[in-house]
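Numbering-wise, UniProt numbering puts 336 at position 336 of the sequence shown, and it's gapless, one number per residue.
Take a look at the structure below.
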Amino acid sequence: MRESGPTAVIPWRRTSAQTRVSLLGSILIAVSLITISIVTTTTPSTDSEPTLVAAQLTLIAVVTASTAASFRIAFGAPHSRLLLLALIIEGPLVLAIAWTSNWTLGWVWAASVCLAYGGGWGLVTLSAILTNLVLRDTMTPGWSLDDLVVTVTMPFFTIFAIYIPIRLAVVSERLVLSREEVARLRVDDERCRIARDLHDILGRTLVVVSLREQAVLRLLERGRSAEAVEQLTASSRIVAEGQAALRSLTDGPTIADFQVELRSAQELCERVGIAWEEQVASSGDAATQELAAAILREAVTNMLKHSRPVRCWIHQTEENGALVLTIGNDGCPSDPTLTGRGTGLRTLRVRCAVIGGALDASSPEPGIFRVVARLPTTPPPVIPSPHPTSLPTVKQGS
Numbered sequence: 001m002r003e004s005g006p007t008a009v010i011p012w013r014r015t016s017a018q019t020r021v022s023l024l025g026s027i028l029i030a031v032s033l034i035t036i037s038i039v040t041t042t043t044p045s046t047d048s049e050p051t052l053v054a055a056q057l058t059l060i061a062v063v064t065a066s067t068a069a070s071f072r073i074a075f076g077a078p079h080s081r082l083l084l085l086a087l088i089i090e091g092p093l094v095l096a097i098a099w100t101s102n103w104t105l106g107w108v109w110a111a112s113v114c115l116a117y118g119g120g121w122g123l124v125t126l127s128a129i130l131t132n133l134v135l136r137d138t139m140t141p142g143w144s145l146d147d148l149v150v151t152v153t154m155p156f157f158t159i160f161a162i163y164i165p166i167r168l169a170v171v172s173e174r175l176v177l178s179r180e181e182v183a184r185l186r187v188d189d190e191r192c193r194i195a196r197d198l199h200d201i202l203g204r205t206l207v208v209v210s211l212r213e214q215a216v217l218r219l220l221e222r223g224r225s226a227e228a229v230e231q232l233t234a235s236s237r238i239v240a241e242g243q244a245a246l247r248s249l250t251d252g253p254t255i256a257d258f259q260v261e262l263r264s265a266q267e268l269c270e271r272v273g274i275a276w277e278e279q280v281a282s283s284g285d286a287a288t289q290e291l292a293a294a295i296l297r298e299a300v301t302n303m304l305k306h307s308r309p310v311r312c313w314i315h316q317t318e319e320n321g322a323l324v325l326t327i328g329n330d331g332c333p334s335d336p337t338l339t340g341r342g343t344g345l346r347t348l349r350v351r352c353a354v355i356g357g358a359l360d361a362s363s364p365e366p367g368i369f370r371v372v373a374r375l376p377t378t379p380p381p382v383i384p385s386p387h388p389t390s391l392p393t394v395k396q397g398s
């Protein structure tokens, strides 16, 4: 039954094909069972009554709606008043029609309600249905213990047939969601660590330098220039130490090869359930490939942080002496500017411009976000300086 505690609602478009087949199959099972039960009614003469026929058709529609609504509840959606009304109407219909129709009516309703509510409510509903079916069998002339056993045990098989595929689908999708959240948390933890270290290094350095500069001003006012020079020397040393610490922090792990970064991104996407598409033709020198690897890392990081994609694709080709790298996904948020104006992409745009390339991050169509980088495979030509590199010779006149 449903788990307690708040859960994230998983949109239908984010579910896998296997999950959709499982959920639709559960609905088909429920509708098939209730239709068979109406067709194989034990008292055909009553089927011609308009009231009973209308009630049976209404029951089919309500069971279908409540079963479908229970999927949303199983996937984390809140209870809706429409579902409550559907179950309230459905219950008396089943209890009334079950006396003249096949036993399957009660089983389908029990399965639907257990799906929708689970826990104590599901058990109460199932108990009511079983009580109704047992009373019907025991009040029928010529009833036997074998019929009663079948009446009691078969509802559990019906619930199993409808409930288990849904729970497997829900658990599978929540597992994918959890893995995706873990990937986002890893990215956030790394950025928080860098921000914390930057605060510690720069904050300490700036505070100490500021205090020493104030001391220098006071010493100069008193005419103690020798001590002021010592303070300035110590301040310069502290600044140098802070620069060294900052370099060790920002250098971090170097990106050695584009293929290594590509395999790392593929492994991460497959781990969180994102379909991976790749068309890569390696080209360019080591510096170009290193920049392409940095662009790939930043694009995949932004995708995991801001988007909820089903598919990610990487294309790398060589066109007119330039390496064209395209990284896209189909999980762009409603505001695509959130994923295209970060500090990382701005820095990469500058790096691309320095070597004569370009980088564009945009949403060409709803739901799609794409990063396209054009990196020249040959270094840009050196533009000669307009100023002479040497001074003209001056003749020595007499």
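Just so you know, even glycine gets a beta-carbon here, dropped at the ideal spot from N, CA and C.
{"query": "Considering Asn302, what are the terminal residues of the beta strand (DSSP E) in which it resides?", "result": "Where Asn302 is concerned, there is no enclosing beta strand (DSSP E), although the alpha helix (DSSP H) it sits in stretches over Ala286 to His306."}
{"query": "So for Gly321, helix, strand or coil by DSSP?", "result": "coil"}
{"query": "In whole angstroms, give me the CA-to-CA distance for Leu348 and Arg193.", "result": "21 Å"}
{"query": "Where does the unbroken beta strand (DSSP E) through Arg370 begin, and where does it stop?", "result": "Phe369 to Pro376"}
{"query": "By the DSSP assignment, the beta strand (DSSP E) with Ala358 in it spans what residues?", "result": "Ala358 to Ser362"}
{"query": "Identify the continuous beta strand (DSSP E) that holds Trp143 and give its terminal residues.", "result": "Per DSSP, Trp143 belongs to no beta strand (DSSP E) and is neither H nor E."}
{"query": "With a 10 Å radius around its C-beta and 16 neighbouring C-beta atoms as the bar for buried, classify Ser235 as buried or exposed.", "result": "buried"}
{"query": "Under 8 Å from any heavy atom of the ligand FMN, does the C-beta of Val21 make it?", "result": "The ligand content of the structure shown is nil, which means the ligand FMN is not present either."}
{"query": "Within the same chain, show all residues whose beta-carbon is closer than 7 Å to that of Pro143, passing over the 5 residues directly before and after it, in chain order.", "result": "Residue 143 is actually Trp in this sequence, not Pro. Once the five neighbours on either side are set aside, the close Cβ partners of Trp143 are Asp137."}
{"query": "Enumerate in chain order the residues of its own chain whose CB-to-CB distance from Leu345 is below 6 Å, with the five nearest sequence positions on each side excluded.", "result": "Ala361"}
{"query": "When you compare only the Cα positions, how much space is there between Leu130 and Val152?", "result": "6 Å"}
{"query": "Tell me whether the beta-carbon of Val300 lies closer than 9 Å to the beta-carbon of Val176.", "result": "no"}
{"query": "Starting from Gly328, follow its DSSP beta bridges and name the residues at the other end.", "result": "Trp313 and Arg370"}
{"query": "Near Ser48, what residues of its chain come up, given a Cβ to Cβ distance below 7 Å and the 5 sequence neighbours on each side ignored?", "result": "The predicted position of Ser48 is uncertain, since its pLDDT is 49 and thus under 50; a value taken from the coordinates is nonetheless stated next. There are no such residues."}
{"query": "I'd like to know whether the C-beta atoms of Cys312 and Gly367 end up nearer to each other than 9 Å.", "result": "no"}
{"query": "Using the three-state DSSP reduction, which class does Ala281 fall into: helix, strand or coil?", "result": "coil"}
{"query": "Quick one: is Leu24 buried, meaning 16 or more other Cβ sit within 10 Å of its Cβ, or exposed?", "result": "exposed"}
{"query": "If you draw a straight line from the C-alpha of Asp200 to the C-alpha of Ser210, how long is it?", "result": "15 Å"}
{"query": "Does the distance from the C-beta atom of Leu268 to that of Ala183 stay below 9 Å?", "result": "yes"}
{"query": "Would Ala322 pass as a contact of Leu375 if the rule is Cβ separation under 9 Å?", "result": "yes"}
{"query": "Whole-angstrom Cβ separation of Ile314 and Val280, contact assumed at under 8 Å?", "result": "6 Å"}
{"query": "If I'm right that Glu318 touches Thr377 with Cβ under 8 Å, what's the distance once you round it to whole angstroms?", "result": "7 Å"}
{"query": "Which residue or residues does DSSP assign as beta-bridge partners of Ile275?", "result": "What sits at residue 275 in the sequence shown is Ala, not Ile. Looking at the DSSP assignment, Ala275 forms a beta bridge with Arg311."}
{"query": "Apart from the five residues on each side of it in sequence, which residues of its chain come closer than 8 Å, Cβ to Cβ, to Asp188?", "result": "Lys305"}
{"query": "So Leu291 and Glu261 are supposed to be a Cβ contact under 8 Å. How far apart are they, rounded?", "result": "Between Glu261 and Leu291 the Cβ distance is about 11 Å, and since that is not below 8 Å, they are no contact."}
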